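As structure tokens, the structure follows; a few thoughts come after it.
In the working numbering, the protein residues as written are 384 to 579.
Here it is as structure tokens:
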């Protein structure tokens, strides 16, 4: 319905803008938004699917999964701090077995954007959950989950130092997340105009 009412807005801009608005509406930081993306219908001219980091490269939260996070994000120009900050988006939503094979929410407030992902990641004892289709972790209550790539953030010291910072300070998490998310939103674009 929104696209129908505003046919001159590209799908690319609309989808990117909806993400910005959703984060803000769920309590997250105020984000800058730039528009002017064009829709491309030729699949050979767009980023192929499957470019997100794997949740598990076969060694749980080990060196392969840690390297997998870096391989994907370093290729896009992100540093460890930005990898961890963007991972904080796991405060939102949940995994569904029929979509990813993983099951459950990361936090008890999956509709609220805050630093609870980091507080829980750092503060709870996470154990392997052998009752799910894909290897994941569960908290002591069995209600929350973490992916191997989440646990990798507390196993690898260079990642963990940012988990520690964001668990202590939601303000710092919001500041770093906003910068990293805005950078992510601009990847592959040019000649955009900032929305004021």
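For glycine and all other residues, C-beta sits at the position ideal for the given N, C-alpha and C. These numbers come from a predicted model, not from an experiment.
(request) Tell me, please, whether the stretch 416-435 touches the stretch 496-512 by the rule of three or more beta-carbon pairs shorter than 8 Å. (result) Put simply, the stretch 416-435 does not touch the stretch 496-512. Fewer than three CB pairs are less than 8 Å apart.
(message) Along the chain, where does the beta strand (DSSP E) containing residue 519 start, and where does it finish?
(response) The sequence position of residue 519 within the chain shown is 136, counting from 1. Membership of residue 519 in the beta strand (DSSP E) is indicated by the continuous run 519-521.
(request) Please confirm whether residue 474 and residue 560 have their CB atoms less than 7 Å apart. (result) In the chain shown, the residue the question calls residue 474 occupies position 91. In the chain shown, the residue the question calls residue 560 occupies position 177. With contacts defined as CB atoms closer than 7 Å, residue 474 and residue 560 fail to qualify as a contacting pair.
(request) Spatial neighbours of residue 557 within its chain, please: CB distance less than 6 Å, with the 5 preceding and 5 following residues excluded, ordered by chain position. (result) Position 174 of the chain shown, counted from the start, is the residue given in the question as residue 557. Once the five neighbours on either side are set aside, the close Cβ partners of residue 557 are 412.
(request) Look up residue 418 in the DSSP assignment and give the residues it is bridged to. (result) If you number the chain shown from 1, residue 418 lands on position 35. BP columns for residue 418 point to 576.
(request) Look at the alpha carbon of residue 526 and the alpha carbon of residue 391, and state the distance between them as a whole number of angstroms. (result) Within the chain shown, numbered from 1, the residue matching residue 526 stands at position 143. Within the chain shown, numbered from 1, the residue matching residue 391 stands at position 8. Looking at the two C-alpha atoms, the distance is approximately 44 Å.
(message) Spatial neighbours of residue 517 within its chain, please: C-beta separation below 8 Å, excluding the five flanking residues on both sides.
(response) Indexing the chain shown from 1 puts residue 517 at position 134. If we look at residue 517 and ignore the five residues flanking it on each side, its Cβ neighbours are 438, 439, 483, 484, 485.
(request) For residue 458, name the three-state secondary structure that DSSP assigns. (result) Position 75 of the chain shown holds residue 458. In the displayed model, residue 458 falls within a helix according to three-state DSSP.
(message) In the DSSP output, which residue or residues are listed as bridge partners for residue 477?
(response) Numbered from 1 along the chain shown, position 94 holds the residue referred to as residue 477. Bridge pairing for residue 477: 488 [DSSP].
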